[in-house]
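A.B. asks: Numbering follows the numbering used here, in which position 157 of the sequence shown is assigned residue number 170; successive positions increment by one, without gaps. For each residue, glycine too, the CB sits at the ideal point set by N, CA and C. If you're wondering where the values come from, they're calculated on a predicted model, not measured in any experiment.
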Amino acid sequence: MIIYILLAFLIARMKGYSIKPILRDRSLYPLFVAEILYLMLQTSVFLGYYRFIPYAGTFKTLYLYTLIVPIVVHRLYKAGFLGSIMLTVGSFLNRFVMSQNGGKMPVYATLSKYTGYFDEKVLGTIDQVHILGTEQTKYKILTDFIDVGYSILSIGDILIHAFIFIVVYDTIKSYHSSKTNQTGKERETTLWNNLS
14 MIIYILLAFL
24 IARMKGYSIK
34 PILRDRSLYP
44 LFVAEILYLM
54 LQTSVFLGYY
64 RFIPYAGTFK
74 TLYLYTLIVP
84 IVVHRLYKAG
94 FLGSIMLTVG
104 SFLNRFVMSQ
114 NGGKMPVYAT
124 LSKYTGYFDE
134 KVLGTIDQVH
144 ILGTEQTKYK
154 ILTDFIDVGY
164 SILSIGDILI
174 HAFIFIVVYD
184 TIKSYHSSKT
194 NQTGKERETT
204 LWNNLS
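Structure representation (structure tokens):
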């Protein structure tokens, strides 16, 4: 999910926003901690350690909950509303395709086979959510087919993860728009008071 954070940083930078101050924004610390944990989990999969896979869904839910902090602190209610719509639509698409394929999410691995991220032997054993996509798979366009080498995503997953991009980008934008109205010390005091 780091790709969405980096994409938000890149687009914010292209729009002329400074990234460095936002890295000190305490409202994003829970997200950064969750991202570090997520990267550790991804690394464990690359190394062939699959013990955490059954908890991946729970972790992703907790990861998304970390976005509540910057939404509340920076009053990003429009971003929160838009993100929740995307989250709902993405979840619906994923649940729909799973319901059409025996309650499992078909996956089509390409690049991940070469990077070592995907191991077909794990499907149906430790990973109870995914199955290998076949010719009989229904609604292939909604399955996990977007292979980026370290993750295989569906269109629903992209909509869900776009919530991360929206919140991080709007946090950067909010920081810079209120920065023009406050000095740095006043801004930090306000943010800290909002977190308390």
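1. Measure from the alpha carbon of F158 to the alpha carbon of each residue in K126, L60 and L89, then state which is nearest.
2. For S40, which residues from the same chain have a beta carbon less than 6 Å from its beta carbon, with the 5 sequence-adjacent residues on both sides left out?
3. Here's the rule I'm using: 16 or more other beta-carbon atoms within 10 Å means buried, otherwise exposed. How should K117 be labelled?
4. In three-state terms, what does DSSP make of H174?
5. Is the distance from the Cβ of T147 to the Cβ of P119 below 9 Å?
6. Note down, one range per segment and in chain order, each alpha helix (DSSP H) of at least 4 residues found wholly within the segment 45-128.
7. For I16 and S191, what's the separation of their Cα atoms in angstroms?
8. If you reduce the DSSP assignment to three classes, tell me which class I16 lands in.
9. Taking the alpha-carbon positions, what's the L100 to L60 distance?
10. Taking the Cβ atom as the reference point for each residue, do T79 and P34 lie within a distance shorter than 9 Å?
11. Please name the residue, chosen from L172, A122, K134 and T184, that lies closest to R161 on a Cα-to-Cα basis.
12. Please classify F105 as buried or exposed, where buried requires at least 16 neighbouring CB atoms within 10 angstroms.
13. Do the CB positions of Y188 and I165 come within less than 9 Å of each other?
14. Give me the DSSP bridge partner(s) of D160.
15. Near I168, which residues of its chain fall below 8 Å by C-beta distance, leaving aside the five closest residues on each side in sequence?
16. May I ask you to list the residues that DSSP assigns as paired with L145?
17. Taking all protein chains shown into account, do 16 or more other C-beta atoms lie within 10 angstroms of the C-beta of T184, making it buried, or fewer, making it exposed?
18. Candidates L19, Y152, G93 and L124: which alpha carbon is nearest L36's?
C.D. replies: Let me spell this out:
1. K126
2. V82, P83 and V86
3. buried
4. helix
5. yes
6. 69-78, 81-86, 90-112 and 124-128
7. 26 Å
8. helix
9. 30 Å
10. no
11. Reading off the sequence shown, one finds Val at residue 161, where the question assumed Arg. Of the listed residues, the one whose Cα sits closest to V161 is A122.
12. exposed
13. no
14. I165
15. G103, L106, I154, L155 and I159
16. V120
17. buried
18. L19
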